[in-house]
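Novice: I have a structure here, written as structure tokens, and I will follow up with some questions on it.
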Amino acid sequence: MSNISKICGMIFFSLTALSGCSFGTVKAPEAVRIEPQYTEEELAAMRREEELVPILDEAAGLAKGYYYDEALACLSRVPDEFSEDPEVTEAATSYSAAKDAFVPYEQPVRHIFFHSLIVDTDLAFDGDYMENGYNYWMTTVDEFRAILEELYANQYILIDIHDLNDVQTAKDGTVALVPSAPMVPEGKIPLVLSVDDVNYYDYMKTDGFARNLMLDEEGNVKNLYIDENGQETVGDYDVVPILDAFVEEHPDFSLRGAKGLLALTGYEGALGYRTNDPENPNLEQDKETVRSVAARLKETGWQFACHGYGHKHTAQISYDSLAADTSRWREEVGSLVGDTDVYIYPYGEEIEYPGDKLTLLQSEGFRYFCGVWSTQAFVSVKDTYVRQTRCNLDGLTMKTRPEAVADLIDVSKVLDPARPELK
Numbered sequence: 209m210s211n212i213s214k215i216c217g218m219i220f221f222s223l224t225a226l227s228g229c230s231f232g233t234v235k236a237p238e239a240v241r242i243e244p245q246y247t248e249e250e251l252a253a254m255r256r257e258e259e260l261v262p263i264l265d266e267a268a269g270l271a272k273g274y275y276y277d278e279a280l281a282c283l284s285r286v287p288d289e290f291s292e293d294p295e296v297t298e299a300a301t302s303y304s305a306a307k308d309a310f311v312p313y314e315q316p317v318r319h320i321f322f323h324s325l326i327v328d329t330d331l332a333f334d335g336d337y338m339e340n341g342y343n344y345w346m347t348t349v350d351e352f353r354a355i356l357e358e359l360y361a362n363q364y365i366l367i368d369i370h371d372l373n374d375v376q377t378a379k380d381g382t383v384a385l386v387p388s389a390p391m392v393p394e395g396k397i398p399l400v401l402s403v404d405d406v407n408y409y410d411y412m413k414t415d416g417f418a419r420n421l422m423l424d425e426e427g428n429v430k431n432l433y434i435d436e437n438g439q440e441t442v443g444d445y446d447v448v449p450i451l452d453a454f455v456e457e458h459p460d461f462s463l464r465g466a467k468g469l470l471a472l473t474g475y476e477g478a479l480g481y482r483t484n485d486p487e488n489p490n491l492e493q494d495k496e497t498v499r500s501v502a503a504r505l506k507e508t509g510w511q512f513a514c515h516g517y518g519h520k521h522t523a524q525i526s527y528d529s530l531a532a533d534t535s536r537w538r539e540e541v542g543s544l545v546g547d548t549d550v551y552i553y554p555y556g557e558e559i560e561y562p563g564d565k566l567t568l569l570q571s572e573g574f575r576y577f578c579g580v581w582s583t584q585a586f587v588s589v590k591d592t593y594v595r596q597t598r599c600n601l602d603g604l605t606m607k608t609r610p611e612a613v614a615d616l617i618d619v620s621k622v623l624d625p626a627r628p629e630l631k
């Protein structure tokens, strides 16, 4: 019970009396109500607790995630009676100063990426023909948790990929992208994060991976995991819910709620639901589920990217094949998760800049293009597009080139001992 409730509560008690000398003859109880008496100071303290403290708490929560403008707007709702309260003036001064202390990050921004996380290493690394692929391209749950701790300790902060540039509009209405250094708190290092193939393919079902993204009873995005005995559990088994929980605990790891990009193909549906299959008896329900989960993801700082419908080699396929593939992605996947201007190349293989395929993808609304060709940071901003390379924090990189990611993590503190040797 709060202090206010204790102070404000009415005190009730009942009196009973015996009548005459007859044993057991009892009068009806009488309720006696005592009205509490408060001093002016006590009343002021009660009003402060009820009207001011919730606003201060709300503003403080916003400020932890660098929502300084919103925190200051929150303080503007303080009743006039408390406008000069020391906690109010100190908070306003602190948030204004923190907002003004942001500095431009003048170096190229890193972009790291992952695939679905391995939950059960015994199933993934069981010696079958899939083991080596998982060992090369996947990251375990334990490794991902350790990576987040390393990134946080090394002062990295997640940003929106759209913070890599500004947009300028000329007098004639022409819009151009221009280079811009992301503004971050002093001492922080901006970082973009993405996850490839957030589709939960059929081949992964019995190998120790989550099955889908779903909403729990509280509306939070979680995973369904089914273990080797068929036991179903809902929890944090992949990048999205694990990172969500980490940011909730460490809001200063995310600049204004930014999380990452979820790159989707379409040939086995989206987010673990087979929305591509016309024979799926739950097709319409699955589509609605994807819409609901996608909406919640976007509310909580996640964005979507196109990874090609069929995960084809963008640089190798024909122009017409790319056009058909992109159109199908828009129709079957984009229609469920919403529009995106980010194209993450399948296999990391880029196309020519400039070129007909680039023009085609731009005509489909894409402006941000992400490949994989260097473990180092690279960002190029042109008038009509932004190009960025990505670094894979997986078994291949951590086992063969730990020095290439030493600025991000200490691999010796991250690598899962359950990993076999690469073959």
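Quick note on the working numbering: the sequence shown kicks off at 209 and runs consecutively.
Note that CB positions come from ideal geometry on N, CA and C, so glycine has one too.
(1) Threshold first: 3 residues or longer. Then list the beta strand (DSSP E) segments lying entirely within the stretch 347-378, N to C.
(2) If you follow the alpha helix (DSSP H) that residue 469 is part of, which residue opens it and which one closes it?
(3) What does residue 475 pair with, by DSSP beta-bridge criteria?
(4) Identify every run of the alpha helix (DSSP H) within the stretch 423-511, keeping only runs that are complete inside it and at least 4 residues long; order them along the chain.
(5) Taking all protein chains shown into account, decide if residue 534 is buried (16 or more other Cβ within 10 angstroms of its Cβ) or exposed.
(6) Nearest CA to the CA of residue 433: which residue from 427, 425, 443 and 424?
(7) By the DSSP assignment, the beta strand (DSSP E) with residue 522 in it spans what residues?
(8) Which word fits residue 630, buried or exposed, when buried means at least 16 other C-beta atoms lie within 10 angstroms of its C-beta?
(9) What is the C-beta distance between residue 617 and residue 578, in whole angstroms, given that I count them as a contact (C-beta under 8 Å)?
(10) Kindly indicate which residue of 608, 421 and 359 has the alpha-carbon position closest to the one of residue 429.
(11) Could you say which of 302, 293, 295 and 288 lies nearest to residue 276 if we only look at CA atoms?
(12) Does the distance from the CB of residue 372 to the CB of residue 594 come in under 9 Å?
(13) Look up residue 552 in the DSSP assignment and say whether it is helix, strand or coil.
(14) Under the rule that 16 or more other beta-carbon atoms within 10 Å means buried, what is residue 515, buried or exposed?
(15) Is the beta carbon of residue 472 closer than 9 Å to that of residue 478?
(16) Cβ of residue 312 within 9 Å of Cβ of residue 384?
(17) May I have the straight-line CA-CA distance separating residue 599 from residue 318, to the nearest angstrom?
(18) In the stretch 376-409, which residue ranges form an unbroken beta strand (DSSP E) of at least 3 residues, counting only runs that do not cross its ends?
(19) For the beta strand (DSSP E) that residue 312 lies in, which residues bound it at each end?
(20) Taking DSSP as the reference, what is the three-state secondary structure of residue 570?
(21) How is the beta strand (DSSP E) around residue 589 delimited, first residue to last?
(22) What are the boundary residues of the beta strand (DSSP E) that residue 318 is part of?
(23) Going by beta-carbon coordinates alone, are residue 282 and residue 292 separated by less than 9 Å?
(24) Please report the straight-line C-alpha distance between residue 386 and residue 458, rounded to a whole angstrom.
(25) Suppose contacts are defined by Cβ-Cβ distances below 9 Å. Is residue 505 in contact with residue 418 by that definition?
(26) Less than 9 Å between the C-beta atoms of residue 415 and residue 334, yes or no?
(27) Mind the definition here: the stretch 517-528 touches the stretch 536-544 only if three or more C-beta pairs lie below 8 Å; say whether that holds.
(28) Relative to the C-alpha of residue 403, which candidate in 395, 512 and 309 has its C-alpha closest?
(29) Tell me which residues share the same chain as residue 427 and place their Cβ nearer than 7 Å to its Cβ, disregarding the 5 neighbours each side in the sequence.
(30) Output needed for residue 256: all residues of its chain with C-beta closer than 7 Å, excluding positions within five of it in sequence on either side, in chain order.
(31) Quick one: what's got a C-beta closer than 8 Å to residue 602's C-beta in the same chain, skipping five residues either side?
(32) Using DSSP's beta-bridge definition, name the partner residues of residue 513.
(33) Express the C-alpha separation of residue 509 and residue 401 in angstroms, rounding to a whole number.
(34) Looking at C-alpha atoms only, which residue of 550, 565 and 549 is the closest neighbour of residue 526?
(35) Output needed for residue 624: all residues of its chain with C-beta closer than 7 Å, excluding positions within five of it in sequence on either side, in chain order.
(36) Could you tell me which residues DSSP pairs with residue 595 in its beta bridges?
Specialist: Taking the geometry as given:
(1) 364-366 and 373-377
(2) Premise fails: residue 469 lies in the beta strand (DSSP E), 468-472, not in any alpha helix (DSSP H).
(3) 477
(4) 447-457 and 491-507
(5) buried
(6) 443
(7) Residue 522 -> no beta strand (DSSP E), and no H or E assigned at all.
(8) exposed
(9) At roughly 20 Å, the Cβ-Cβ gap does not stay under 8 Å, so residue 617 and residue 578 are not in contact.
(10) 421
(11) 302
(12) yes
(13) strand
(14) buried
(15) yes
(16) no
(17) 8 Å
(18) 383-387, 391-393 and 397-404
(19) 310-312
(20) helix
(21) 587-589
(22) 318-322
(23) no
(24) 32 Å
(25) no
(26) yes
(27) yes
(28) 512
(29) 504
(30) 290
(31) 322, 323, 344, 345, 346 and 347
(32) 471
(33) 12 Å
(34) 565
(35) 329, 348, 350 and 351
(36) 577 and 588
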